[in-house]
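Student: Take this structure first; my questions come after.
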Amino acid sequence: MGKFEYAPAPESRAVVSLRESYGLFIGGEFTPGVDGHAFKTISPATEEVLAEVTEAGPADVDRAVIAARKAYEHTWALMPGTERAKYLFRIARIVQERARELAVLESLDNGKPIRESRDVDIPLVAAHFFYYAGWADKLEHAGFGPAPRPLGVVGQVIPWNFPLLMLAWKIAPALACGNTVVLKPAETTPLTALAFAEICQQADVPPGVVNIVTGAGETGRALVTHPGIDKVAFTGSTEVGKEIARACAHSRQKLTLELGGKAANIVFEDAPIDQAVEGIVNGIFFNQGHVCCAGSRLLVQESVYTEVLAALRRRLETLRLGDPLDKNTDVGAINSAAQLAKIRELSQVGEAEGAQRWSAPCDLPVKGFWFPPTVFTGVSQAHRIAREEIFGPVLSVLTFRTPAEAVEKANNTPYGLSAGIWTDKGSLILWMASRLRAGVVWANTFNKFDPTSPFGGYKESGYGREGGRHGLEAYLDV
Amino acid sequence: MAGKAAGTGWRRTSMSELAGARIAVRKTYKLYIGGAFPRSESGRSYLVTDHKGRFAANAAMASRKDARDAVAAARKAFGGWSAATAYNRGQVLYRVAELLEGRRAQFVAEVRAAEGLGPRRAEALVDAAIDRWVWYAGWSDKIAQVRGATNPVAGPYFNFSLPEPTGVVAVIAPEASSLLGFVSVIAPAVVSGNTVVALASERFPLPAVTLSEVLATSDVPGGVINVLTGRTAEIAPWLASHMDVNAIDLSGAPDALADDLAVAAADNLKRVVRAGDEDWTQPPALKRMLAYLETKTVWHPAGT
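Note that the protein sequences, when read in sequence, are chains A and B.
Counting in our numbering, the first sequence runs from 62 upward without gaps.
Counting in our numbering, the second sequence runs from 1061 upward without gaps.
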């Protein structure tokens, strides 16, 4: 079956009004940086410059931490939970009200399809604030003692793959528990975090409770090593996570890390194949594979290997790659030139090491950063594409014969963030789930997220959990 | 305020002043059943006075049939409401708080007129009632996380327990606290997916009726909360003995009556909540939410 022809169906950009340049959000106001450095953020789909953003230096980070400290000591930590809750509910409501605008802005800056930003990212952002708003006045029921205390000022650094959603995962529980925050968004996706700063203003969140400092690695380093920070929360690469863990070893700051993954998506012979194929596609091509919990290693039981692979290729041929703002787009742009280079490099290594590469036939736009959905077969556990996180739309396929072998191979990684199981046999799901060393196990589904559901990794995928009742622990003095 | 002026005005206002005055449009206080506002099918009403004994309204005096209609409406609504996601129910309850906040002044006036309180005290009670909706809204997707469990049974089984709503809850609302007390007994039932038939305070029914008007224009589906006004001694026994009611809160029943109601409730083993020494202004305990939850435990083998 060929691809259906679709007329373009672009979502209007008119809902977004971009400023030419953005300051830092410190103490409730947008302020210029002390040393005047700035950088540009672009649309990865077109390379068009969207806005100029301030690069926060150490003096700016210092100002933000002082503002957060002041807000913590004079307002936020003293405020009853019932009142803190109302600010978070307000934020949730404003996110819902401005949902379409935020979705378009996210797709513009990040390159992800509007279908995902509109139907996944932004609704989950609102839900996350709504959920943690409800905890703010119930902390004594959360299982951490009768009157758990906040930690103080929290420094948070988030990645570019789900910019506003990662912000929500960080800020909502921190504020609910009574902490104040200084957050640094990723340098390639700062715009929704700055829109969030405006939302804090609309919600009349007390000045200094939320501070947003934009910048790159140096800004992040200044933030996580700042002596005025009581707790560090980081989502990003395992490499940087380890660096932060070393820094915090000296400063004794509390730390939670949500890092990389190399999840196994395991398909048994009795799995409903069409459903499993949808799950495989969703597992690795959702958000262009820029997902730490992506199902990047497909483990297929040998008896159904041919059938699964044929169905998978057929399905991939129908994926629509292109304009992130087009409502029919399945696969958007790679977030940056640097990330595209990394994906290309690892894919070349895969070929050089002897795996067979197959890419879905699709026309790549001339401008912007693009990579077609790609599948490697004949992959062994020793290959780098089976061991390293590619963080792109690249799937490595391996096979197994028995459940025990599937467990062995799935766990044969330094990571442990997530895993998927596809079978109609309930007892096998539970047997597998109890043996997989991963923080989230999806059975007959994949890449499902909910604010009530804890998320986080085993081993080198990090420590701490975000979401659910467990997500409070990272922001309480327990 | 307009109602009060109209109710008291004729004694003080001179004839000539009255001739030029605007006469207030008064509200008919009705029942709230299945999302509609019927009068009592019996055609009866009863005199409700304000705290100074002056005429306030002729409230509907619900009959046995009204009570049974309300239970039927609550049962009909149970399927949809209990199947709604916890997130959705939380949003719906929060929306009630949003709408109440917008009508804060009206409720302050009604609570003052009914209970005879000073303005500060009435404001505090209305604020607490609004905040109580918010508090319970947050519980919708958390009660299972506090009350549910996975159970490490000694065998190759995955075993978990989760709370589920009991069903239709009859509530005899507190007699003395017309709004805060009323909210404090209905919200804990509906938050987890139960549906409610509430009998308002006999003496101070009007704020509860006005609340039902808020519920009708909120996102609460019709039938999820039904509000009756009338004689407690007449209606409560029908609710307590109704075989399609699964639980009953006896807060508003005098002690002697409450004992009889508890006996009647035993016929189908209703879950019974007896009045304690509740101070509705204090943060609530989990007691009422937990009273209307069943625990379901699921076993599943684990193995290849």
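For every residue, glycine included, the Cβ atom is placed at its ideal position computed from N, Cα and C.
If you're wondering where the values come from, they're calculated on a predicted model, not measured in any experiment.
(1) Who are the Cβ neighbours of A/ALA372 in its own chain at under 8 Å, not counting the five residues just before and after it?
(2) Would you mind telling me which residues of chain B sit closer than 9 Å to A/ARG530, beta carbon to beta carbon, in chain order?
(3) With H, G and I counted as helix, E and B as strand and the rest as coil, what does DSSP make of B/ALA1173?
(4) Pull up the distance between the alpha-carbon of B/ASN1286 and that of B/ILE1232, whole angstroms please.
(5) Determine the burial state of B/ASN1211: buried for a count of at least 16 other Cβ atoms within 10 Å of its Cβ, exposed for fewer.
(6) Can you give me, in chain order, the residues of the segment 503-514 of chain A that have a beta carbon less than 7 Å from any beta carbon in chain B?
(7) Between the beta-carbon of A/ARG405 and the beta-carbon of A/ASP391, is there less than 8 Å?
(8) Taking a contact to mean a Cβ-Cβ separation below 8 Å, would you say A/PHE100 touches A/GLU116 in this structure?
(9) Since B/PRO1180 is in the alpha helix (DSSP H), which residue starts that stretch and which ends it?
(10) Starting from A/THR296, trace the beta strand (DSSP E) both ways and give me its first and last residue.
(11) Which chain B residues sit within Cβ distance under 7 Å of A/LEU489?
(12) When you compare only the Cα positions, how much space is there between A/VAL436 and A/PRO71?
(13) Count Cβ pairs between the segment 1189-1204 of chain B and the segment 1274-1288 of chain B that sit closer than 8 Å; are there 3 or more?
(14) Where B/LYS1090 and B/TRP1141 are concerned, what is the direct C-alpha to C-alpha distance, given to the nearest angstrom?
(15) Measuring straight from C-alpha to C-alpha, what distance separates A/ASP485 and A/ASP331?
(16) Return the CA-CA distance between A/THR463 and A/PHE347, expressed in angstroms with no decimal places.
(17) For B/ALA1065, which three-state DSSP category applies?
(18) By the criterion of Cβ-Cβ separation under 9 Å, what are the contact partners of B/GLY1150 in chain A?
(19) Verify whether the separation of the beta carbon atoms of B/VAL1131 and B/VAL1333 is less than 8 Å.
(20) Determine the extent of the beta strand (DSSP E) in which A/THR136 is found, giving its start and end residues.
(21) Counting C-beta neighbours from all protein chains within 10 Å, is the total for B/LYS1347 16 or more, i.e. buried, or is it exposed?
(22) Please compile the residues from chain B whose C-beta is within a distance smaller than 7 Å of the C-beta of A/TRP541.
(23) Can you find a C-beta in chain B that's less than 8 Å from the C-beta of A/LYS199?
(24) I need the DSSP call for B/PRO1223, collapsed to helix, strand or coil.
(25) Tell me which residues share the same chain as A/LEU6 and place their Cβ nearer than 8 Å to its Cβ, disregarding the 5 neighbours each side in the sequence.
(26) Mind checking which residues open and close the alpha helix (DSSP H) that includes A/ASP335?
(27) Within 8 Å, do at least three Cβ pairs link the segment 508-526 of chain A to the segment 309-318 of chain A?
(28) State buried or exposed for A/TYR67, treating a residue as buried only when at least 16 other CB atoms are found within 10 Å of its CB.
(29) Report the residue ranges of all alpha helix (DSSP H) runs contained in full by the segment 1319-1355 of chain B; include only those spanning at least 4 residues, in chain order.
(30) So if DSSP puts A/VAL274 in a beta bridge, which residue, or which two residues, is it bridged to?
(31) Consult DSSP for A/TRP26 and reduce its assignment to one of helix, strand or coil.
(32) Looking at chain A, is there any beta carbon in it that lies within less than 8 Å of the beta carbon of B/GLY1253?
(33) What in chain A is Cβ-close to B/ALA1038, meaning under 8 Å?
(34) Does B/ALA1345 get closer than 8 Å to chain A when you measure Cβ to Cβ?
(35) Between A/LEU252 and A/ILE219, what straight-line distance do the alpha-carbon atoms span, to the nearest angstrom?
(36) Specify whether the segment 1266-1274 of chain B and the segment 1233-1253 of chain B touch according to this definition: at least 3 beta carbon pairs, one from each stretch, less than 8 Å apart.
Tutor: Let me lay it out:
(1) Along the first sequence, read from residue 1 onward, the residue named residue 372 of chain A stands at position 311. Correct list, in chain order: ILE334, ASP335 and VAL338.
(2) One-based indexing of the first sequence puts residue 530 of chain A at position 469. Simply LYS1202, GLN1205 and VAL1206.
(3) On the second sequence, position 113 is the one that residue 1173 of chain B refers to. Looking at B/ALA1173 - three-state DSSP - the assignment turns out to be helix.
(4) One-based indexing of the second sequence puts residue 1286 of chain B at position 226. One-based indexing of the second sequence puts residue 1232 of chain B at position 172. Approximately 12 Å, taken between the alpha carbons.
(5) What you label residue 1211 of chain B is simply residue 151 of the second sequence in a count that begins at 1. Counting Cβ neighbours within 10 Å, B/ASN1211 comes out exposed, since fewer than 16 surround it.
(6) THR513
(7) Taking the first residue of the first sequence as 1, we reach residue 405 of chain A at position 344. Taking the first residue of the first sequence as 1, we reach residue 391 of chain A at position 330. Contact: no.
(8) Numbered from 1 along the first sequence, position 39 holds the residue referred to as residue 100 of chain A. Numbered from 1 along the first sequence, position 55 holds the residue referred to as residue 116 of chain A. Yes; because the gap between Cβ atoms is below 8 Å, this pair is in contact.
(9) What you label residue 1180 of chain B is simply residue 120 of the second sequence in a count that begins at 1. At residue 1180 of chain B the sequence reads Arg, which differs from the Pro that was named. Note, B/ARG1180: alpha helix (DSSP H), 1179-1199.
(10) As a first step, residue 296 of chain A is located in the first sequence; it is residue number 235 there, counting from the start. 292-296 is the span of the beta strand (DSSP E), which, as asked, contains A/THR296.
(11) Within the first sequence, residue 489 of chain A is the residue found at index 428, counting from 1. THR1364, listed in chain order.
(12) As a first step, residue 436 of chain A must be located in the first sequence, where it is residue number 375. As a first step, residue 71 of chain A must be located in the first sequence, where it is residue number 10. One C-alpha to the other measures close to 29 Å.
(13) no
(14) In the second sequence, the residue the question calls residue 1090 of chain B occupies position 30. In the second sequence, the residue the question calls residue 1141 of chain B occupies position 81. Each residue's alpha carbon lies about 24 Å from the other.
(15) Counted from its first residue, the first sequence places residue 485 of chain A at position 424. Counted from its first residue, the first sequence places residue 331 of chain A at position 270. Each residue's alpha carbon lies about 6 Å from the other.
(16) Within the first sequence, the letter at position 402 stands for residue 463 of chain A. Within the first sequence, the letter at position 286 stands for residue 347 of chain A. Approximately 28 Å between the Cα atoms of the pair.
(17) Stepping through the second sequence from its first residue, residue 1065 of chain B is reached at position 5. In this prediction, B/ALA1065 has a pLDDT of 44, which is less than 50 and means its spatial position is unreliable; what the coordinates show is noted afterwards. If DSSP states are grouped into helix, strand and coil, B/ALA1065 belongs with the helices.
(18) Indexing the second sequence from 1 puts residue 1150 of chain B at position 90. What B/GLY1150 touches in chain A: PHE191, TYR192 and GLY195.
(19) On the second sequence, position 71 is the one that residue 1131 of chain B refers to. On the second sequence, position 273 is the one that residue 1333 of chain B refers to. Not closer than 8 Å, so no.
(20) The residue you call residue 136 of chain A lines up with position 75 of the first sequence. First-last for A/THR136: undefined, no H or E at that position.
(21) As a first step, residue 1347 of chain B must be located in the second sequence, where it is residue number 287. Result: exposed.
(22) Given a span of 62 to 539 for chain A in the structure shown, any question on residue 541 of chain A remains unanswerable.
(23) What you label residue 199 of chain A is simply residue 138 of the first sequence in a count that begins at 1. Judged by the 8 Å Cβ criterion, A/LYS199 is in contact with chain B.
(24) Here residue 1223 of chain B refers to the residue found at position 163 of the second sequence. If DSSP states are grouped into helix, strand and coil, B/PRO1223 belongs with the strands.
(25) For chain A, the structure presents residues 62 to 539; residue 6 of chain A sits outside this window and is missing.
(26) The residue labelled residue 335 of chain A in the question sits at position 274 within the first sequence. Per DSSP, A/ASP335 belongs to the alpha helix (DSSP H) from 334-346.
(27) yes
(28) Numbered from 1 along the first sequence, position 6 holds the residue referred to as residue 67 of chain A. Counting Cβ neighbours within 10 Å, A/TYR67 comes out exposed, since fewer than 16 surround it.
(29) 1347-1351
(30) As a first step, residue 274 of chain A is located in the first sequence; it is residue number 213 there, counting from the start. According to DSSP, A/VAL274 bridges with nothing at all.
(31) Since the first and last residues shown for chain A are 62 and 539, residue 26 of chain A lies out of range.
(32) What you label residue 1253 of chain B is simply residue 193 of the second sequence in a count that begins at 1. Not closer than 8 Å to any Cβ of chain A, the Cβ of B/GLY1253 fails to qualify, so no.
(33) A question about residue 1038 of chain B goes unanswered here, because the residues of chain B that appear run from 1061 up to 1364.
(34) Position 285 of the second sequence, counting from 1, holds the residue named residue 1345 of chain B. It does not; no Cβ of chain A falls within 8 Å.
(35) In the first sequence, counting from the first residue as 1, residue 252 of chain A sits at position 191. In the first sequence, counting from the first residue as 1, residue 219 of chain A sits at position 158. Straight-line Cα distance between these residues: approximately 13 Å.
(36) yes
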